[in-house]
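Residue numbers (this note's numbering): 916 to 1101.
Here it is, written out as structure tokens:
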């Protein structure tokens, strides 16, 4: 898998965390650097660990699914991307009494935003030999975008939230289509 493709996958996966970060930034009355760093660290770490777990599961299945791995990659990326687009229309406003700095809430948000990365991890195990590099890129991109998202949320609120989810979904679908076309035309 090419570095640029890994970067686009990372950006696509980070869109959930970015959208939640924007909402969270709009909820904070007093925004402190520790809140921003904590959220970015949690989202980045979970976004890196989930595809690693998924890739380990995929490695066990690789020998069995190698002849049609491109269809699986396409299906998983299209499903995750479609789910993100669907959820963009379902986004509801965060409650103003929600405390996103609460550890339990932050853990739940981190898991919820990184579940899709588990499925993408299976795809990574089929398409690249550098899974560790890919998950590091995914975690770093998510950290940076989550950090920026809290600041954007503090300034702009919910204006960009659903648009970011749609963009992330379209990016993942486009990557899935590119993988499928490149394998079918080879």
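We treat Cβ as the ideally placed atom computed from N, Cα and C, and that holds for glycine.
Taking residue 1081 and residue 968 to be in contact with their CB atoms under 8 Å, please state how far apart those CB atoms are, rounded to whole angstroms.
At roughly 27 Å, the Cβ-Cβ gap does not stay under 8 Å, so residue 1081 and residue 968 are not in contact.
For residue 1062, which residues of its own chain have a beta-carbon under 7 Å away from its beta-carbon, when the five flanking residues on both sides are left out?
If we look at residue 1062 and ignore the five residues flanking it on each side, its Cβ neighbours are 951, 955.
Which runs of the alpha helix (DSSP H) spanning at least 4 residues fall entirely within the region 1036-1062, listed in chain order?
Assignment of alpha helix (DSSP H) within the region 1036-1062, counting only whole runs of 4 or more residues, yields no such run.
What are the start and end residues of the alpha helix (DSSP H) that includes residue 994?
Here the alpha helix (DSSP H) through residue 994 covers 984-1003.
Given this structure, state the Cα-to-Cα distance separating residue 1036 from residue 1071, to the nearest angstrom.
Spanning the two alpha carbons is a distance of roughly 32 Å.
DSSP state of residue 946, grouped into three classes?
Coil, per DSSP.
Beta-carbon within less than 6 Å of residue 1010's beta-carbon, same chain only, minus the 5 sequence neighbours each way: which residues are those?
Interpretation of residue 1010 is limited by its pLDDT of 40, a score under 50 that renders its predicted location unreliable; the figure taken from the coordinates is listed afterwards. The answer is none, since no qualifying residue turns up.
Measuring CB atoms only, is the region 1088-1100 touching the region 1044-1060, in the sense that at least three cross pairs come out at less than 8 Å?
When C-beta atoms of the region 1088-1100 are compared with those of the region 1044-1060, fewer than three pairs fall below 8 Å, so the two segments do not count as touching.
Taking the beta carbon of residue 1083 as the centre, do at least 16 other beta carbons fall within 10 Å, making it buried, or is it exposed?
By the beta-carbon neighbour count (other beta carbons within 10 angstroms, threshold 16), residue 1083 is buried.
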